[in-house]
Amino acid sequence: ARSTPARVPRVRSSTTSSSGPEVDPILWLEVDLVTGPLSTYGQTMTTSTPAIATPPRLDLSAVLPAAYRAISALDGAAEKTGFEPLLLDLVRLRASQLNGCAYCLDMHTLDARHAGENDTRLAVVSAWREARHLYTDREQAALALTESVTLVADTHVPDDVWNRAAVAFSAEQLAGLLTAIISINAWNRVGISTRMIPGEYKPS
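Numbering-wise, my numbering comes out as the position in the sequence shown, counting from 1, plus 4.
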């Protein structure tokens, strides 16, 4: 959506003074606030220098490797229950979106692409209900459960969400899905709390 244009003074091109061009008090130029002006009088607009990433606050794998391995074991258990890999990538990506974990968003987007996921499905997964034709019934049930468990304080995982997943998955797969959701929420909290740095992960 376009914003309401701002009105800024137009510079007279035919009149100058010792201090530079004079501003016409009557003529105005509309500038879209979304795009902004292309240049300003007396200087060239430049982009700011990107911030330098700070080191993580803590390396959990080095400081408490047993805890790191325990969370990893949850992932391993979930993956052994017969899920299609792309479904778990969508689950991990959606939870990371809700929690706002930059490191996990980077990781699971790259993992999904590496596994052959479609860019369109990745781009609209946060609004999957408006793009149901792009996702299978199993994926939709998994995404709904992911959102409900991730936002458990607000949702308390209602019966309709749970029952939909129970129809789509076997009991073992449902247990695996729940485990995967719990695991990614744990990783999100590790990533955010320790300030893990996005942009350095490479899919294997």
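We treat Cβ as the ideally placed atom computed from N, Cα and C, and that holds for glycine.
Checklist entry - Could you check where the alpha helix (DSSP H) with M200 kicks off and where it finishes? => result Here M200 belongs to no alpha helix (DSSP H), and DSSP marks it neither H nor E.
Item to check | Entirely enclosed alpha helix (DSSP H) segments - the region 126–180, minimum 4 residues | outcome: The qualifying runs are 141–154, 156–159, 163–172.
Checklist entry - By Cβ distance, which residues of its chain are closer than 7 Å to L178, with the 5 residues on each side in sequence left out? => result Short of 7 Å from the beta carbon of L178, and not among the five residues preceding or following it, lie these beta carbons of its own chain, in chain order: A169, A170.
Next on the checklist: Between the region 154–168 and the region 95–103, can you find at least three pairs of beta-carbon atoms closer than 8 Å?
Outcome noted: As far as the Cβ criterion goes, the region 95–103 touches the region 154–168, which means the pair count is three or higher.
Checklist entry - When the Cα atoms are used, what is the spatial distance from M200 to A119? => result Spanning the two alpha carbons is a distance of roughly 23 Å.
Next on the checklist: Rounding to the nearest angstrom, what Cα-Cα distance links A106 and G195 in this structure?
Outcome noted: If you draw a straight line from the Cα of A106 to the Cα of G195, it comes to about 8 Å.
Next on the checklist: In whole angstroms, give me the CA-to-CA distance for V128 and L78.
Outcome noted: The alpha-carbon atoms of V128 and L78 are separated by roughly 27 Å.
Checklist entry - If T140 and I185 are in contact, beta carbons under 8 Å, what's the gap, nearest whole angstrom? => result Their Cβ separation, rounded to whole angstroms, is 18 Å, which puts T140 and I185 out of contact at 8 Å.
Item to check | Boundaries (first-last residue) of the alpha helix (DSSP H) holding R117 | outcome: Judged by DSSP secondary structure, R117 falls within the alpha helix (DSSP H) whose first and last residues are 106–118.
Checklist entry - Taking the alpha-carbon positions, what's the Y205 to H160 distance? => result Y205 and H160: Cα-Cα distance of roughly 33 Å.
Item to check | Option in A148, N192, P59, L109 with minimal Cα separation from A172 | outcome: Comparing Cα-Cα distances from A172 to each of A148, N192, P59, L109, the minimum goes to A148.
Checklist entry - Hey, would you say T279 sits closer than 8 Å to L62, going by beta carbons? => result Look at the range of the chain in this structure, 5 to 208, and you will see that residue 279 is not part of it.
Item to check | Sequence-distant residues of the same chain with beta carbon closer than 7 Å to L90, five excluded per side | outcome: Correct list, in chain order: A116, A119, E121.
Item to check | Supposed close pair S208, A82 - CB separation, criterion 8 Å | outcome: Actually they do not touch by this definition, with Cβ atoms about 18 Å apart.
Item to check | For G180, the nearest candidate out of V165, A190, A146 (CA to CA) | outcome: Selected option, being the one with the closest Cα: A146.
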